[in-house]
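Here's the structure, in structure tokens; my notes come after.
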Amino acid sequence: MGSWTTQASTNSPGSACAATVTISATTARSAARDISKNRFPSRWSAAGGYDFAARPRLSAHDQPVFWSETADTAVLRLAGAPGPAREGNAKLRTFLAGKVKATPDELHILLRDIGPGLHLVADPSIQPDDPLAVTVYLDADGLDRLASLDRLMRYLAGYKVPPDQRMTAQQRRRLKAMLRAVDARQHHASQREIAQILFGVDRIADDQWQGSPFRDTVRDLLRDGAVMIAGGYLKLLRFRRRP
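This note's numbering runs 93 ahead of the 1-based position in the sequence shown.
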């Protein structure tokens, strides 16, 4: 698309709702798994999407996670507000209490109060007391950015912030099952043992295992978990929109 943009002014800060289980935390854990190259695809170099080095043994609960603007369509870009400042216009200083990382070209801010953590990117030329706007490009990611902007505006206005909708509760449960299955496999558990861990020993009869539907379920979890860890986790950072 072209370079046309829409700009939405931000208002004064308020309270935020409690953070929910986070997509970023889940994806950071999946990326940090030590997976055998012989068992799963080796695509780490193609995975990408992360702006700053992180400690693999720490989850996103224990360290700030700054995904790249291209990978994470919830990242918002701050700009200086055009025209004179308006009453209640948020300033850069409003956000500097968050986790901040600077590069020569950009200032990255992670607002941990907005679960799972809302990532803002600002030009370093913006001064702390400059009024701000948010730039949203009219491209394929525009709707995702607007959903993120809606959550930011609710946070600033003191309204209840809705949970991140990029992953449903059902998808989150299945993702956890994938990672548990892969982790158990890496510790040399058999598929039947994995099924017992996930679904209960009483539901996995020894004499019926070969024809058990849980056998196919475990295979699917191991397959999809391998794909997720090999870079598929980046899909969790985008909305699944249908034309």
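The beta-carbon is built from N, C-alpha and C at its ideal position, and this holds for glycine as well.
query, result
"Assigned exposure category for Asp-165 - 16 Cβ within 10 Å defines buried", "buried"
"Rounded Cβ spacing between Asp-198 and Met-271 (contact assumed at less than 8 Å)", "Wrong, their Cβ atoms sit about 37 Å apart, outside the cutoff."
"Limits of the beta strand (DSSP E) - the one that Val-168 falls within", "Note, Val-168: premise wrong, no beta strand (DSSP E); not H, not E."
"Other residues of its chain near Lys-184: CB distance less than 7 Å, five sequence neighbours each side excluded", "Pro-221, Asp-222, Asp-223, Pro-224, Leu-225"
"Spatial distance of Gln-333 from Ser-218 (CA atoms)", "According to the sequence shown, residue 333 is Arg rather than Gln. Distance between the alpha carbons of Arg-333 and Ser-218 is about 35 Å."
"For Ala-139, the three-state DSSP class (helix, strand or coil)", "Here the model assigns Ala-139 a pLDDT of 40, short of 50, so the residue's position is not dependable, and the following value carries that caveat. Helix, per DSSP."
"Local Cβ density within 10 Å of Ala-215, reported as buried at 16 or more and exposed below that", "buried"
"Status (buried if at least 16 other CB within 10 Å, exposed otherwise) for Ser-241", "buried"
"For Lys-192, the residue or residues it bridges with in DSSP", "Leu-203"
"Which of helix, strand or coil DSSP assigns to Lys-253", "coil"
"Opening and closing residue of the alpha helix (DSSP H) in which Leu-272 lies", "262-279"
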